[in-house]
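>
In our numbering, the protein residues as written are 19 to 217.
(1) Count the other CB atoms, across all protein chains shown, that sit within 10 Å of the CB of residue 146; report buried if there are 16 or more and exposed otherwise.
(2) Kindly identify the DSSP beta-bridge partner or partners of residue 128.
(3) Within the same chain, show all residues whose beta-carbon is closer than 8 Å to that of residue 73, passing over the 5 residues directly before and after it, in chain order.
(4) From the beta carbon of residue 168, is the nearest beta carbon of chain D less than 8 Å away?
(5) Name the two residues that bound the continuous alpha helix (DSSP H) containing residue 64.
(6) Between the beta-carbon of residue 159 and the beta-carbon of residue 93, is there less than 8 Å?
(7) For residue 152, write down the residues that DSSP places opposite it in a beta bridge.
(8) Provide the residue(s) that pair with residue 169 in DSSP beta bridges, ordered along the chain.
(9) Inspect the beta-carbon positions of residue 148 and residue 133 and report whether they are closer than 8 Å.
(10) Given this structure, state the Cα-to-Cα distance separating residue 123 from residue 106, to the nearest angstrom.
(11) If you drop the 5 nearest sequence neighbours on each side, which residues of the same chain put their C-beta closer than 7 Å to that of residue 118?
(12) Within 10 angstroms of its Cβ, does residue 120 collect 16 or more other Cβ (buried), or is it exposed?
(13) Check for me: the alpha helix (DSSP H) holding residue 50 runs from which residue to which?
(14) Skipping 5 residues on each side, what residues in its chain have a beta carbon closer than 6 Å to that of residue 101?
(15) At which residues does the alpha helix (DSSP H) containing residue 99 begin and terminate?
Shown next, in the form of structure tokens:
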């Protein structure tokens with residue numbers, strides 16, 4: 019009887035691991051086919067948070083349509099790389115309007131994000147390619163959106179344009195899959211911790 023119970027338990031554990039592995043594969047498809055805009059405020063003060071949102075609005079007003087015209091992830095990243103100076107210049111102009119004297123750091127590269135719920139979908143925790151704009155010390159709450167596909171631009175884009183049907187389905191079903199997304203987030207946080215430790 020003990021052997022049967024052990025076999026059932028091991029079978030159940032194996033099934034859970036296989037299920038998680040498939041879910042994580044779909045999450046990876048999302049991570050590898052999405053380009054994010056990430057703006058980090060100088061601090062959490064009211065004025066710095068307002069300034070962060072003003073920078074966001076100026077960036078999207080000036081360059082949002084161009085992201086909406088990108089046909090694939092590579093194009094979106096290439097566009098961001100070619101316009102790094104302009105993103106920086108736009109941010110500086112807004113900072114001056116606010117009477118502040120913060121530095122601006124703009125780079126395109128990998129950034130870690132925890133689980134994020136957007137209006138109609140959830141993006142799993144993990145590392146994504148992103149246009150990162152850091153204002154001043156970068157110690158404040160951040161704002162993010164998806165530049166490709168151009169979900170945050172007000173374009174008629176959706177995730178199905180860049181990821182598999184199965185991956186889009188799990189992103190759009192975030193509320194029902196909350197526990198799975200949480201388990202992925204915990205796994206990614208552990209991975210991030212050990213990566214930092216090794217470095």
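In this text, a Cβ means the ideal position worked out from N, Cα and C, and glycines have one as well.
Reading from the atomic positions:
(1) buried
(2) Answer by DSSP bridge pairing, in chain order: 147.
(3) 57, 108, 109, 112, 113, 151, 153
(4) The question asks about chain D, but that chain is absent: this structure has only one protein chain.
(5) 64-86
(6) no
(7) 58, 123, per the DSSP bridge assignment.
(8) According to DSSP, residue 169 bridges with nothing at all.
(9) no
(10) 7 Å
(11) 69
(12) buried
(13) Annotation: residue 50 is outside any alpha helix (DSSP H) and is labelled neither H nor E by DSSP.
(14) none
(15) 91-100
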